[in-house]
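Visitor: Pasting a structure here, questions to come.
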Amino acid sequence: MKKIEIPTVHHTARLARGGAKLLLWLKYYVPVLGWFPNYDVKRNLLVDFMAGLTVAFLLIPGGLAYSALVQVPPVYGLLTGFVPLVVYSLLGNSRQLSLGPEALVSTLVGAAIAEYNAGVHGHHASLNPGSMASAENVATASLLCFMVGLWTFALGVFRLGFLDSVISRPLLRGFITAIAVVVGIEMLATLLGLPRHESATVGPPPSTMDKLWTVLTHLPSSHVPTIIISVSSIVFLLLLKVIKAWYAKTRRWLHLFPEILVLVAVSTILSAVFRWDLAGVVVLKDVQGGVVAPALPVISLTKIKSLLLPSILIAVIGFVESIVGAKSYAAKHHYPVSPNRELVALGMANLIGCSFGSWPCFGSLGRTVVNDAAGAKTQMSGLITGLFTFTTSIWLLPYFYFLPRAVCSAIIIVAVGRLVEWDDVRFILRLQAWSDLGLLLLTFATTVFVSIEAGTLISVGVSLLLVVKQSTKTRISILGMTHVVDPDTGIVKPKFRSIQEHHHAERIQGCLVIRVEEGLFFGNSGSLPQLLRRVEAHGELGVHPGEAPKPRIGKTAWSRSLRVQLDPQDGTFASPDSSPALPIRDEIVVPASGELAEVTSLVLDVESMTFIDASATQVLLELVHNYQQRDIVICFVKLRDACKSNFVRSGIYDLIGPSRFFVKTRDALVYLSDSQLIPSIPSLTTYVKTPTVTASSTNHYKPRMNHESRTDDSNSSTSYHSAPAPPHDPSSSSYYLAVPSSTAAAASTRRIPGPGPSSLSASRPESFAYSYASEIMSIHDDTDSDDDDVRGGDDGDGENEDDRRNGGRPFKGKRTYQQPSPSPW
């Protein structure tokens with residue numbers, strides 16, 4: 013018999029989890045499944061309905077007007093404002109964005125259709141709705157809508173929504189402001205009642221400056237009643253805006269007052285009663301409505317070849333214009349918007365809309381502003397706008413016969429006026445960011461004086477160039493040594509910081525200490541060798557390559573004197589000419605001003621290098637080969653686990669050797685010093701403050717007596733001896749190296765004469781164990797550190813790993829600095 017498997021509790025739980033994930037996925041990609049079940053009818057339905065109705069009264073006359081630009085019957089303008097808007101309201105994530113026909117994309121579509129007709133058929137379109145040419149234009153517009161939707165959908169599927177992020181804010185602000193100016197100039201002729209002066213043939217539309225010049229040359233022909241209607245409409249809308257702002261808190265019901273809807277209704281009634289059309293006022297007049305049966309666009313290779321470039325340009329421009337509105341109002345109302353999901357929603361809106369004869373459409377900045385001003389809370393306002401537009405296309409078109417076109421233009425002028433934000437310009441001027449201001453003006457001038465397409469290409473192209481320029485530079489810092497005194501333990505810690513940010517940081521003579529500030533990949537790794545050569549030649553970044561390298565003094569040798577001096581003002585050790593360094597070599601050669609010591613070693617701090625690809629690894633391998641051929645030792649510090657495999661497989665690890673990988677920059681410098689590649693650095697040990705108290709120093713330091721041991725344990729083998737203080741300068745505090753004196757190390761103890769009436773006993777056992785003193789008085793309250801522990805070890809804070817294993821108790825016995833494990837593996 014066939015066994016029947018009964019679902020267990022485990023299987024049921026797995027199915028439930030799978031169903032929950034599927035529902036979560038659907039809610040993410042189909043936002044209507046998330047907001048519609050939780051829709052607050054009492055709170056949002058009224059405002060969404062009024063906002064949708066208000067936008068519909070703006071979209072309907074706009075769709076009728078823009079259909080003339082595309083050279084298709086007016087009903088297709090309304091269908092363009094119905095199908096794509098409904099689809100976006102179901103799939104889109106922006107609650108205020110209003111899709112539909114608008115001037116920018118409609119102009120580009122009309123120009124693409126005209127160029128196709130002129131190139132293929134040798135004739136231009138006719139405005140007669142029943143003509144064959146008009147039907148051909150509808151088919152071409154539908155195919156163009158399909159291609160634009162396909163490009164937009166593909167950008168979203170391949171997650172290329174970040175393309176909008178490469179446009180800098182100044183460029184974006186210049187583009188938006190220019191769009192407002194272009195639309196305003198476009199509306200001037202209607203506001204002034206000027207007759208349209210169009211060429212006999214349909215070709216590329218005139219530029220913005222041509223339209224402005226036409227308006228200025230025909231100002232004497234302005235229609236006074238139309239001007240009165242336009243000015244009255246603009247004043248009414250601005251006055252209501254000011255009143256709403258004044259009484260926003262005391263009379264909140266004013267916020268729901270639909271001034272645009274009232275203006276459209278009142279102006280239509282007055283125009284019908286007083287027959288403004290007989291006085292020369294341009295009205296919408298009779299338009300033909302109806303229902304269009306859905307049908308897929310006819311695919312033609314000839315059309316596809318001709319419309320390929322225009323479709324890409326329209327997709328990019330439409331996406332930029334849409335995402336600007338979506339992101340702006342998402343930030344204003346505090347909800348997230350994903351550019352990738354917006355691309356998918358916009359693509360689906362055009363792919364489905366092309367079946368109903370619509371032309372490409374994207375978000376309209378002007379109507380989006382109106383939608384938000386009318387109080388839209390959710391995507392329901394878009395559904396209401398689309399449904400009312402569809403209803404109008406069937407039954408209500410005759411009622412808009414007497415609506416003056418000047419009223420529609422006034423509404424658009426007030427809406428786009430809100431796009432001009434002077435705060436951003438004032439902010440740029442306050443920061444004196446002249447380069448950003450130049451980019452803003454460049455985009456604005458190109459968009460207004462050349463074309464919107466050129467402005468968009470300039471803004472996107474310049475932004476991409478700036479991003480590429482910045483990404484191809486390796487960000488590195490030259491590190492110098494500073495000193496921080498722990499206020500609790502009084503221990504001096506050497507810290508390595510950028511000399512560009514900390515000018516008092518001391519360079520390590522003969523050694524370049526470089527920190528790589530980012531991960532390396534094929535794009536930015538190529539400039540790393542060039543930057544290192546520039547630092548080696550000039551000693552700093554930002555030097556012009558044409559400048560001559562600084563002179564070299566050859567390899568340096570260093571003195572035997574032990575005394576060092578610490579400046580209490582900035583925590584830096586004085587130069588060797590006033591306070592010679594720890595003895596390793598026979599004499600000291602101090603570089604004069606403008607001279608550099610010959611580089612014998614390179615230390616690369618790669619802690620911030622979180623990743624590295626194959627190309628960057630090959631660059632590092634060639635870099636290591638180059639330095640080894642020049643007898644320059646290279647060390648790596650804080651190599652991350654994510655990069656170790658590339659170092660091993662490429663051979664860098666074997667080429668350098670495990671002894672030159674360190675977990676701390678200090679360890680690398682001690683290794684180089686012990687190898688006599690750089691001078692011994694006294695500040696890598698700790699120092700005891702001389703108990704010299706003067707009148708000027710008592711305000712800052714408490715006197716402390718010399719003592720023989722740092723602990724009370726009499727069995728401790730560590731004792732510290734310091735010499736009497738030399739003549740003390742009240743403006744500074746002298747520090748002396750404290751070295752242990754023990755019988756175990758007596759055999760390797762050397763007597764080294766020091767300056768002044770006393771000398772110090774220096775112990776340097778051959779086992780590479782350097783002793784540290786930990787008694788020092790605090791002179792700084794600076795706990796910032798650029799060389800904190802990452803993988804353990806003693807960073808000079810008085811508590812090493814032995815102390816931690818003992819539960820934080822002080823370690824009893826001789827405290828020495830042992831040579832660290834050479835490899836972090």
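Residue 781 in the numbering used here sits at position 769 of the sequence shown; the count goes up by one each step and never skips.
Quick reminder that beta carbons are idealized off the backbone N, C-alpha and C, glycines included.
Fair warning: this is a prediction, and the values are worked out from it, not measured in the lab.
#1: Using 10 angstroms around the beta-carbon of Gly-663, count the other beta-carbons present and answer buried if the total reaches 16, otherwise exposed.
#2: Per DSSP, which one or two residues make a beta bridge with Asp-222?
#3: How many whole angstroms separate the CB atoms of Thr-390 and Asn-56, which I take to be in contact at a CB cut-off of 8 Å?
#4: If I'm right that Leu-5 touches Phe-673 with Cβ under 8 Å, what's the distance once you round it to whole angstroms?
#5: Count the other CB atoms within 10 Å of the CB of Arg-545; is the residue buried (16 or more) or exposed (fewer)?
#6: Hey, would you say Ser-234 sits closer than 8 Å to Val-419, going by beta carbons?
#7: Less than 8 Å between the C-beta atoms of Gly-467 and Ala-190, yes or no?
#8: When DSSP labels each residue in this structure, what does Ile-125 get in the three-state scheme?
#9: When the distance is taken between beta carbons, is Pro-182 closer than 8 Å to Ile-440?
#10: Would Val-194 and Trp-371 be called neighbours here (beta carbons separated by less than 8 Å)?
#11: Less than 8 Å between the beta carbons of Val-95 and Phe-374, yes or no?
#12: Across which residues does DSSP place Glu-518 in a beta bridge pair?
#13: Hey, could you find the ends of the beta strand (DSSP E) Ser-613 is sitting in?
#14: Mind checking who Ser-510 pairs with in its DSSP beta bridge?
#15: Between the Cα of Thr-229 and the Cα atoms of Ile-255, Leu-251, Val-254, Leu-200, which residue gives the shortest distance?
#16: Can you list, in chain order, the residues of its chain whose CB lies under 6 Å from that of Ala-291, leaving out five sequence neighbours each side?
#17: Going by DSSP in three states, Pro-372 sits in which element: helix, strand or coil?
#18: Here's the rule: buried if 16 or more other CB atoms are within 10 angstroms of the residue's CB, otherwise exposed. What is Tyr-347?
#19: Hey, how far is the Cα of Ile-520 from the Cα of Arg-642?
#20: On the DSSP bridge list, what partners appear for Ile-646?
#21: Do you know whose CA, among Leu-443, Leu-355, Val-675, Ala-63, lies nearest Gly-161's CA?
#22: Keeping to the same chain, check which residues put their C-beta closer than 6 Å to that of Phe-158; ignore five residues upstream and five downstream.
#23: Report yes or no: do three or more beta-carbon pairs, one from the segment 383 to 401 and one from the segment 101 to 113, lie closer than 8 Å?
#24: When the distance is taken between beta carbons, is Leu-415 closer than 8 Å to Leu-296?
#25: Does the contact criterion of 3 or more C-beta pairs under 8 Å hold for the segment 516 to 534 versus the segment 616 to 626?
#26: If Gly-93 sits next to Thr-401, beta carbons under 8 Å apart, how far is it from one beta carbon to the other, in whole angstroms?
#27: From the DSSP output, read off the bridge partner residues of Gly-112.
#28: Less than 8 Å separating the beta-carbons of Thr-484 and Ser-539?
#29: Output the distance between the C-alpha atoms of Ser-242 and Ala-166, rounded to the nearest integer angstrom.
#30: Are Ala-357 and Trp-163 closer than 8 Å when you measure CB to CB?
#31: Taking only the alpha-carbon atoms, compute the straight-line gap between Arg-817 and Thr-486 and give it to the nearest angstrom.
#32: Less than 8 Å between the C-beta atoms of Gly-186 and Thr-455, yes or no?
#33: Return the residue from the list Leu-452, Ile-488, Ser-405, Val-660 that minimises the CA-CA distance to Val-180.
#34: Along the chain, where does the alpha helix (DSSP H) that runs through Val-99 open and close?
#35: Judging by CA-CA distance, which residue of Ala-192, Phe-412, Lys-223, Ser-340 is the nearest neighbour of Ser-283?
#36: Whole-angstrom Cβ separation of Ser-541 and Leu-635, contact assumed at under 8 Å?
Guide: Short version:
#1: Within the sequence shown, the letter at position 651 stands for residue 663. When all chains shown are included, Gly-663 counts as exposed.
#2: Locating residue 222 in the sequence shown gives position 210, counting from the first residue. Paired residue(s): none; Asp-222 is not in a bridge.
#3: Residue mapping note: residue 390 aligns to position 378 of the sequence shown, counting from 1. Residue mapping note: residue 56 aligns to position 44 of the sequence shown, counting from 1. Yes, they are in contact, since the Cβ atoms of Thr-390 and Asn-56 sit about 6 Å apart, within 8 Å.
#4: Because the chain here runs from 13 to 837, residue 5 falls outside it and cannot be looked at.
#5: Position 533 of the sequence shown, counted from the start, is the residue given in the question as residue 545. That one is exposed.
#6: As a first step, residue 234 is located in the sequence shown; it is residue number 222 there, counting from the start. As a first step, residue 419 is located in the sequence shown; it is residue number 407 there, counting from the start. Going by C-beta atoms, Ser-234 is not nearer than 8 Å to Val-419.
#7: Counting from one through the sequence shown, the residue named residue 467 turns up at place 455. Counting from one through the sequence shown, the residue named residue 190 turns up at place 178. The answer is yes: Cβ separation under 8 Å.
#8: By one-based count along the sequence shown, residue 125 stands at place 113. Three-state DSSP puts Ile-125 in a helix.
#9: Translated into the one-based positions of the sequence shown, residue 440 becomes position 428. Translated into the one-based positions of the sequence shown, residue 182 becomes position 170. It is a contact, given that the beta carbons lie within the stated cut-off.
#10: Residue mapping note: residue 194 aligns to position 182 of the sequence shown, counting from 1. Residue mapping note: residue 371 aligns to position 359 of the sequence shown, counting from 1. Result no, Cβ atoms of Val-194 and Trp-371 do not sit closer than 8 Å.
#11: Residue mapping note: residue 95 aligns to position 83 of the sequence shown, counting from 1. Residue mapping note: residue 374 aligns to position 362 of the sequence shown, counting from 1. Contact flag unset, no.
#12: Taking the first residue of the sequence shown as position 1, residue 518 is located at position 506. Met-493.
#13: By one-based count along the sequence shown, residue 613 stands at place 601. Taken as a continuous stretch (DSSP letters only), the beta strand (DSSP E) holding Ser-613 covers 613 to 617.
#14: One-based indexing of the sequence shown puts residue 510 at position 498. Ser-510 is bridged to Leu-491.
#15: On the sequence shown, position 217 is the one that residue 229 refers to. It is Leu-200 whose Cα lies nearest to the Cα of Thr-229.
#16: As a position in the sequence shown, residue 291 is number 279, starting the count at 1. Within the same chain, Ala-291 has close Cβ partners Pro-237.
#17: As a first step, residue 372 must be located in the sequence shown, where it is residue number 360. Looking at Pro-372 - three-state DSSP - the assignment turns out to be coil, as it is neither helix nor strand.
#18: Reading the sequence shown from its first residue, position 335 is the one you call residue 347. So Tyr-347 counts as exposed.
#19: Position 508 of the sequence shown, counted from the first residue, corresponds to residue 520. Position 630 of the sequence shown, counted from the first residue, corresponds to residue 642. Whole-angstrom Cα-Cα distance: 19 Å.
#20: Working through the sequence shown from its first residue, we reach residue 646 at position 634. Bridge partners of Ile-646: Leu-614.
#21: Along the sequence shown, one-based indexing puts residue 161 at 149. The shortest C-alpha separation from Gly-161 is found at Leu-355.
#22: The residue you call residue 158 lines up with position 146 of the sequence shown. Counting only Cβ-Cβ distances below 6 Å, and skipping sequence neighbours, we find Pro-309, Cys-366.
#23: yes
#24: For the purposes of this step, residue 296 is identified with residue 284 of the sequence shown, where counting begins at 1. For the purposes of this step, residue 415 is identified with residue 403 of the sequence shown, where counting begins at 1. Cβ distance < 8 Å, so Leu-296 and Leu-415 count as in contact.
#25: yes
#26: Taking the first residue of the sequence shown as position 1, residue 93 is located at position 81. Taking the first residue of the sequence shown as position 1, residue 401 is located at position 389. Their Cβ separation, rounded to whole angstroms, is 5 Å, which keeps Gly-93 and Thr-401 in contact under 8 Å.
#27: Taking the sequence shown and counting its residues from 1, one reaches residue 112 at position 100. Looking at the DSSP assignment, Gly-112 forms a beta bridge with Phe-374.
#28: Walking along the sequence shown from the start, residue 484 turns up at place 472. Walking along the sequence shown from the start, residue 539 turns up at place 527. Yes. Within cutoff.
#29: Within the sequence shown, numbered from 1, the residue matching residue 242 stands at position 230. Within the sequence shown, numbered from 1, the residue matching residue 166 stands at position 154. Going from the Cα of Ser-242 to the Cα of Ala-166 covers about 43 Å.
#30: Within the sequence shown, numbered from 1, the residue matching residue 357 stands at position 345. Within the sequence shown, numbered from 1, the residue matching residue 163 stands at position 151. Not in contact: Ala-357 and Trp-163 (Cβ atoms no closer than 8 Å).
#31: Translated into positions along the sequence shown, residue 817 becomes position 805. Translated into positions along the sequence shown, residue 486 becomes position 474. Caution is warranted here: a pLDDT of 38 is assigned to Arg-817, below 50, making its placement in the model unreliable, and no coordinate value can be reported.
#32: On the sequence shown, position 174 is the one that residue 186 refers to. On the sequence shown, position 443 is the one that residue 455 refers to. Cβ atoms of Gly-186 and Thr-455: closer than 8 Å.
#33: Taking the sequence shown and counting its residues from 1, the one referred to as residue 180 is at position 168. Per the sequence shown, the amino acid found at residue 180 is Ser instead of Val. When only C-alpha atoms are compared, the closest one is Leu-452.
#34: Counting from 1 along the sequence shown, the entry for residue 99 is found at position 87. Residues 95 to 103.
#35: As a position in the sequence shown, residue 283 is number 271, starting the count at 1. Residue Phe-412 is the option with its Cα nearest to Ser-283.
#36: Working through the sequence shown from its first residue, we reach residue 541 at position 529. Working through the sequence shown from its first residue, we reach residue 635 at position 623. In the sequence as presented, Ser is not what sits at residue 541; that position holds Pro. Confirmed, about 6 Å.
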